[in-house]
Every structure is written in C-alpha cells, then in structure tokens.
Amino acid sequence: MKEKFRVTGMTCSACSSRVEKTVTKLAGSQEVSVNLLTGTMQVEYDENQLDTEGIITAVEKAGYGAFVDDGGKSAEGGAGNGAARGGSNGSASKAALDETKQMKQRLIWSVALLIPMMCFSMGPMLTGHHMDMEHPLTNILAQVLFLIPIVFLNRKYFLKGFPSLFRGSPNMDSLIAMGASAAILYGTFAIFRIVHGFETADMALVHHYAGDIYFESAAMILTLITVGKYMETRSKGKTSQAIEKLMNLAPKTATVERDGKEISIETSALMQGDILVIRPGESIAADGEIISGTTSVDESAITGESIPVEKQPGDRAVSATINKTGFIKVRCDKVGEDTTISQIIRLVEEASASKAPIARMADKIAGVFVPTVIAIAIIAAVIWMIAGYGFEFALSIGISILVISCPCALGLATPVAIMVGTGKGAENGILIKSGQALETAHSIDTVVMDKTGTITEGKPKVTDIATFGMSEEELTKIAATLEAGSEHPLAEAVMEYAKERQVQQEAAEGFEAVFGRGVKAVIDGKKYFAGNAALMKESGISTEGIEDKLGVLSDQGKTPLIFAEEKKVIGIIAVADVEKESSKAAIDAFAEMKIDVVMLTGDNKRTAEALRKRLQIPKVIAEVLPSDKEKHIAGLQAEGHKVAMIGDGINDAPALAKADIGIAIGAGTDVAIESADAVLMRNDLLDAVTAVKLSKAVIRNIKENLFWAFFYNVIGIPVAAGIWYPMFGLKLSPMIGAAAMSLSSVCVVLNALRLRNFKVKRLSAPAASCTGAEEIRRKEKMKYELMIKGMMCQHCQKHMADALNAMEGVTAEVNLESGIASVESEKEISMDAFEAVVKDAGYELVR
-2 MKEKFRVTGM TCSACSSRVE KTVTKLAGSQ EVSVNLLTGT MQVEYDENQL
48 DTEGIITAVE KAGYGAFVDD GGKSAEGGAG NGAARGGSNG SASKAALDET
98 KQMKQRLIWS VALLIPMMCF SMGPMLTGHH MDMEHPLTNI LAQVLFLIPI
148 VFLNRKYFLK GFPSLFRGSP NMDSLIAMGA SAAILYGTFA IFRIVHGFET
198 ADMALVHHYA GDIYFESAAM ILTLITVGKY METRSKGKTS QAIEKLMNLA
248 PKTATVERDG KEISIETSAL MQGDILVIRP GESIAADGEI ISGTTSVDES
298 AITGESIPVE KQPGDRAVSA TINKTGFIKV RCDKVGEDTT ISQIIRLVEE
348 ASASKAPIAR MADKIAGVFV PTVIAIAIIA AVIWMIAGYG FEFALSIGIS
398 ILVISCPCAL GLATPVAIMV GTGKGAENGI LIKSGQALET AHSIDTVVMD
448 KTGTITEGKP KVTDIATFGM SEEELTKIAA TLEAGSEHPL AEAVMEYAKE
498 RQVQQEAAEG FEAVFGRGVK AVIDGKKYFA GNAALMKESG ISTEGIEDKL
548 GVLSDQGKTP LIFAEEKKVI GIIAVADVEK ESSKAAIDAF AEMKIDVVML
598 TGDNKRTAEA LRKRLQIPKV IAEVLPSDKE KHIAGLQAEG HKVAMIGDGI
648 NDAPALAKAD IGIAIGAGTD VAIESADAVL MRNDLLDAVT AVKLSKAVIR
698 NIKENLFWAF FYNVIGIPVA AGIWYPMFGL KLSPMIGAAA MSLSSVCVVL
748 NALRLRNFKV KRLSAPAASC TGAEEIRRKE KMKYELMIKG MMCQHCQKHM
798 ADALNAMEGV TAEVNLESGI ASVESEKEIS MDAFEAVVKD AGYELVR
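Its first residue numbered -2, the sequence shown is counted upward by one per residue in my numbering.
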C-alpha cells in the first residue's frame, strides 16, 4: 500500500534524512521518500506488517509530527475530487502563509531589537571612543536586555536543536542553537570575569573581557538566520504556484440536471451518470461525453493549446477546461479522483515529493555533514587553545564553524529545482511522475518511438485522388455512396473526406461487402466496385495502365482503393495514416541533440520504410509484435544505451515500463498513466523534446545549486577554522559566518526559481515534409476548374492534360464529356497563364 503523510517540525535536510531513516527501518516498510520542501512523506508498505499508526508513532519518537494526508476527504466529506483536493491543499497553503506571516513578524521585531543593541555594542568602536571602562556593565546590561527578547522570539531553534542533538541526530537547528548558546554562555562568563576584575581592582582583566562580549554575535546569528529562513520560506511558497493554479482550475460547484430540474451541488457530490449543465464561461467539473449542444472549449489548462477546440455531441469534455461559447450538457463518466485534473494534480504532487537519485545523494551527505561539522568545530577550538591563543579565541573559532556550516542550502539544492521543474512541465502539458524520471531524461541517448498514434495521427486519411473520365467530385460522391455501408477504417477515411468537401452520397442498392477485398453496390442502375486489385480481378475488371500508379502509392506507404464502374476503372483514392505535423520537426530536434531515433512498429516493412524516408528516421524496426517490443528495448539497454520509449500507452505498455523512461502519448488513459514515467497531454512529439530539454535544465540547475551549497562550506569552513590567521591575520567572525550561511540558502533558492523562466520553443514542421492532411489543405486553396472548348476526342483530352501537367507544381485531370479541366496547384496561377497554355495546345479557355 502507498500512503502520503504530512510531516511537521522538519527544518533541514538532516531532519528529513532522520525521518526517512526512521521509517525505512520499520518492519514492512518498502519505500520511503521524505520531501523537506513540501513537508510530505510518501511511504509504500506491507499492510500485513505495518499500518499508518505505526508510521506516525515512529516519526513522533524521532521528534517530529506526522499525520495522514487524505487529500481532503476528511475535511470535505466527499470523494476527494479536484475541489476537495483544493480544499485540503488550500488549508496547507493557508498554514504556509500563516507561517510566513509569523516569521515576518518575528524578523521585524528581531531587527528592531538588534539595531539598538548593535549601537550599544559597536557604537563606541565606530565613533572612535573606547568603551567606558569605569561603567562597562551598564553597556553590557543594555545588550542583555535587548538579547533576551531576541532569544525568546527565536526560541524555536533551541527547542528543536538541542533535543535533536541529545537524540544523536543533530540538524541545522542544532548548529544554530549550539553557536548562539556558546556565544551567550561565553558572554555570561565574561560578565562574571568583569565583575571579578572590579572586585579585585584588576582593570586589565575588566578591559580584556569588556571587549570580548559575544551577545551581539548571538543576536546577529539568530536574526540573520531568520532573515535567510524568511526569504527561503517565501521563495519555497512560490515554487508550488503551479500546483495551486491547477487546484484553482477545478470548480468548487457544478450544475446538474436531476429529475428534470437543475440544481447546484458541490463537485465532491458528483456521481457517474450525472448530467452536467454548462453555460458559456463556466468551467467543466468532470470528464464526460457531450450529449447535446455545440460549443468551443478552451483546453489550454490541460493541453497548453491556446486555440479553443470546437465540440459537438459525441465529443469528449475534460475537467477544468472552460466552455467558451455554447450551451452544452455533459454526461459524467469520470468524477472525483478519476478526473483528468485530479490525476494531473496527483502526478505533479507525487513528482515533487519523490526524490531523484541525485537528491538521495545530497541527503546522505547531509546526514553525516552535521556531526562532522560539530567534530571539526570542537577539534579546531581545542587546537587553538593548545596553540596558546586563549579560550575566547578558540570559542570564537568554534562558533564561526558551527554557524557557517549549516546544511540548509544542501537540503534545498535538489527538491526546489525538482518542484519548479515538474511544475514547469505541468504548465506546458508535460506530466512528469517522479524526480527520478526527471533526472533520467537528461541522460537519454536513444529514443524509441511507436508509429501509429505517436508519429502518425493514428487514423487513416485520404491523401491522393486520381480520376479517369470523371471529375474528382463525381468520384468522391460515388466513393462515399459505396463506402457508406462499410465499417472498415479505410471506408471511414473516405466518408470523412466526402464530409469535409460537403459531397452528398446517393442511394445505393444491393450493397455487398467482400471480406478482404472491398465492397459492391448498384447506383442509378449501374454496378460499382470499390476495393483492392484482387476484387477487380475477381470481377473481371482490368487494372492495366494503373499498375505503376498503384506501385508508387504503395511504395509511399499508402493504401490505394480502386473504384470501378461496370467493367472499367474510374479512379483511385489513396488512404494512409499520415504523420503528425510536428513529427518531422521533433525527429530533427532529437538528431540535433545527438539522440538516436528508432521507430518500432508492428506495421509492414513497406509502409514503415516509406515513413522512414519521408521523415528521415535513422533506423526502423517493422513487423514487431507488441509482446516483442520490450525485447528490443532490452536489447538496446544491453548495448549500454539509455532508452526512452514513446508510445500510446496501450499496446506499448510493456516497452514503456521496460525503458529507462517511458513517455506516453495520449493523456487521460489509465494505461498510459500507470505504465509511463511521463505523459504528454498534447499528444505532440515536440513535447517529448521539451521534456528532455527541461530535464537537462533541471539537472544543470541542481548541479549549480550543489555548487553554491558546497562553495560556502569549502571556502568558509577553512577560513572560519582560522587556517589563514597565522599568515594573514584573516579570521571569520560569527556574525559574518551567519550572514554567509543565510546567503548560501538564498542563492540556492533564487537560482532554482530561475527555472520558472524556462522557455518552450515551439517548433513547426518544415514545409518540405508536409503531411497528407497539409497537402489536402493546400489543394483546397489552389484548386481551379477550367472550361475548355475545342476538344473532340480522347487524343485531345490527353494532349490538353499533358500540357496542363507540364506546368510547374500542377496536377490536372481533363474530362472530355464536360470539357472541364480540374487543376490543383502548389502555388497561385493567374488565368492569363492558364489561357496561354490552353491556347498553345490549340484550344480555347472560356473565361
């Protein structure tokens, strides 16, 4: 079983590391991931050996608090849908805001008290006057009066730091508490020495200790740490904005039709089968099917596409999208946690809560870092005392090492970047399910792609049409009439083509489907045939003269449908599963990134090879069964490749699971979400390119963060330990150490937030590699009907057709009976140009 918990009381990576280790040691615990940034813990455990109470008890014994994060079920009393989740997380957001507000007030008061305290402490030195040795206690007492409220305001560091230290698991708070306490204790010791000096009239002793009061250092340490923590808290709050925006997209109420009446209910009360009533401007509360009305829907929140999508009865409606224009009714089939928006929120939350391998490495380092620093501080202090530099000098060294070495920045280096990265991915329609997947994507060197539905549209479309003795419109009408009774996907493509051109079908009689061959029917008393060459041969229809055309179409990966009337062929309509507009651009982009592309398909070699040539895919493996795709992935991995598999998430499920990272095309399907490590909401291969680029940006950012986290320690600890003091007199004061520590955390968080500026460069497919769909659109724009006079026979028809086809970029069909030439051109041609060609051929263009 997998459960999510909220953990309270964690302040640094050492805390999260301790919680993780504690729960991992429990019997039945299988996988534990603690996220300091979100204050969450994901635990996968055996229910027969462990339960939630046992986990919570273990966390509490470790000195922290924990409770089950139920996604708002208990709070809302519902199914925990998008709205309920928003309520739960809204409470968490409110708690975070309250914490930030309290910290701000604490910081303001700390600074307000620190300033006059510094005036008493540093004022005489800054003005060039030595402290009044006759009355130093007055000055010191004033510092104490300001110090006490500062310590009280920041008592949290002491209340959490010392218990952790005594339990043998020191954390950041332990370092702060030890450093500040050491300064306070030394200052108290100094007061007693000053009093003793006055009692014994030893003014040298008074003078010596009056200049070594560390109260201002303790106050400065606590205040500067609070400055860093406040900025850190504010910055961390910004990293979760993507998730909060997603939650806010889910409507809190919905209008449903029950018993003939419209009522408004909480979205948590929606049930499968409910009829949603959605007016213009309203957000759709659940996934379902539109049963009435037409509209345009803004799906940018889900797919990232800014252009509204036209919808009609039978189309899908997705939760959190916005109805723009029409009045529609939607029958719910996915509600609560099953809605698309809820699944997106869950995936983003799980990704931000999970750890990448690089994050686990940082946690391990942090786990040993704190005790190591404490040991270094003690050893350095002892060495300086042995060297004869005195107790106060040694104490100052120890305090400086403690406060500059707090591992807060180290703990933030990876989770902040991962959360910002996954949130940025979600904004662009890329759902990355784990930190591990986000990290793995940057090292991919081979991308394996399924063909159907991934590189191609996934459904056949008409790509070419050739007529013999009739116009294209006439052939389309006959084809639509013949195919209207067929349920074959190729027939659907022809019907869709006719619908796009508003060609009306006629009545047919005696419809007959011949399995594996085609169809037959009688139209206006004539018998027509539609199918492959085998059907023509069986029907006694000669295909002589069109074999070359059929061969060319087949070589291009297209399926030619032959249409015949009685005993003669009247046309060919070619159908193919055309590539998506962005597929070529995506494949080229992977090539530019030095990533090998392999197309893995169950389609025949001829079709696969045609697609390979058009898109310039380096390698194609065809005629592969779904069960064997996993073996090909394993083979590439055995050769040492890091493999990403991109598929539709159904037939490709085993391969998606086997690959180093599985990327599902087609969001919202259960199999895609379960099998893959990432989901592309827009079904666009260019988003897979973006996912890899985003991964590279995140990993680069994490490495930069780790650099900043270690940079201050590598430079600061030796300086704080005083190794340069004998040669250069360089010594780091505790105040400067505290400022440096805070600055390192701020640098890490601000650097991670730069990822929010990650730009997605949308590429477009080159004109030279247009798909069949694009070719059709071009034909619609450049289509001409020419009326030609003077043609008398078939030779005239052929001569005119040859003259027109000789024009650059022109495809023409000439009908002798009607005297009409149907011309399609890749570019605009003037009527004067046509007239000149027709006249040169010996005929007349009627204008």
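Backbone N, C-alpha and C fix where the C-beta goes; we use that ideal spot for every residue, glycine too.
For residue i, three-class secondary structure by DSSP
i    : result
T291 : coil
D21  : As written in the sequence, residue 21 is Thr, which differs from the Asp given in the question. Helix, per DSSP.
E606 : helix
G632 : helix
P615 : coil
D585 : helix
N151 : coil
C793 : helix
D330 : strand
G194 : helix
I785 : strand
I543 : coil
A180 : helix
A63  : strand
T5   : strand
T318 : coil
L33  : coil
E805 : coil
N836 : The question names Asn, but residue 836 in the sequence shown is Lys. It is helical.
I696 : helix
Backbone CA spacing between residue i and residue j [nearest angstrom]
i    : j    : result
A718 : G176 : 14 angstroms
S876 : D461 : This structure cannot settle anything about residue 876, because the visible part of the chain is limited to -2 through 844.
G713 : T185 : 27 angstroms
F831 : L842 : 8 angstroms
E254 : K308 : 20 angstroms
A706 : V31  : 20 angstroms
I721 : A384 : The question names Ile, yet the displayed sequence has Trp at residue 721. Looking at the two C-alpha atoms, the distance is approximately 15 angstroms.
S741 : K98  : 23 angstroms
L479 : G599 : 30 angstroms
H796 : A673 : 58 angstroms
V621 : L428 : 28 angstroms
N151 : E436 : 37 angstroms
G554 : R603 : 6 angstroms
F390 : N698 : 39 angstroms
H204 : I191 : 8 angstroms
V457 : F64  : At residue 457 the sequence reads Pro, which differs from the Val that was named. Cα to Cα, P457 sits roughly 53 angstroms from F64.
E544 : T464 : 15 angstroms
M200 : P133 : 11 angstroms
V746 : M268 : 43 angstroms
A833 : Y840 : 10 angstroms
I288 : R328 : 7 angstroms
M596 : G290 : 41 angstroms
F755 : P277 : 33 angstroms
Exposure label - residue i; buried when at least 16 CB within 10 Å
i    : result
L138 : exposed
E259 : exposed
R803 : Inspection of the sequence shows that residue 803 is occupied by Ala rather than by Arg. Counting Cβ neighbours within 10 Å, A803 comes out exposed, since fewer than 16 surround it.
G418 : buried
T223 : buried
M114 : buried
S118 : buried
D829 : exposed
C636 : For the record, residue 636 in the displayed sequence is Glu; it is not Cys. Flag for E636 reads exposed.
V4   : buried
M724 : exposed
Short CB-CB distance (under 8 angstroms) between residue i and chain B
i    : result
I275 : As a matter of chain content, chain B is missing from the structure shown, which is built from one protein chain.
**Study point:** Inter-stretch contact at 8 angstroms, needing at least 3 Cβ pairs: the stretch 499 to 510 / the stretch 536 to 549
**Key:** Counting Cβ pairs under 8 angstroms, fewer than three are found: no touch.
Practice item. Return the chain-ordered ranges of every alpha helix (DSSP H) run that is complete within the stretch 430 to 516 and spans a minimum of 4 residues. Key: Scanning the stretch 430 to 516 for uninterrupted alpha helix (DSSP H) segments of 4 residues or longer gives 432 to 437, 469 to 480 and 486 to 497, listed from N- to C-terminal end.
**Study point:** Three CB pairs or more closer than 8 angstroms across the stretch 54 to 64 and the stretch 10 to 25
**Key:** Yes, the stretch 54 to 64 is in contact with the stretch 10 to 25.
Check your understanding: Looking at C-beta atoms only, is the number of pairs between the stretch 194 to 209 and the stretch 373 to 382 that lie closer than 8 angstroms three or more?
Key -> By the criterion of at least three beta-carbon pairs nearer than 8 angstroms, the stretch 194 to 209 is not in contact with the stretch 373 to 382.
Exercise for review: Report yes or no: do three or more beta-carbon pairs, one from the stretch 586 to 595 and one from the stretch 559 to 577, lie closer than 8 angstroms?
Suggested key: In short, these stretches do not touch, since the Cβ pair count stays below three.
**Study point:** Cβ contact (3+ pairs, closer than 8 angstroms) linking the stretch 780 to 792 and the stretch 439 to 452
**Key:** No, the stretch 780 to 792 is not in contact with the stretch 439 to 452.
Check your understanding: So does the stretch 575 to 588 actually touch the stretch 464 to 479, counting three or more Cβ pairs closer than 8 angstroms?
Key -> Segments in contact, no.
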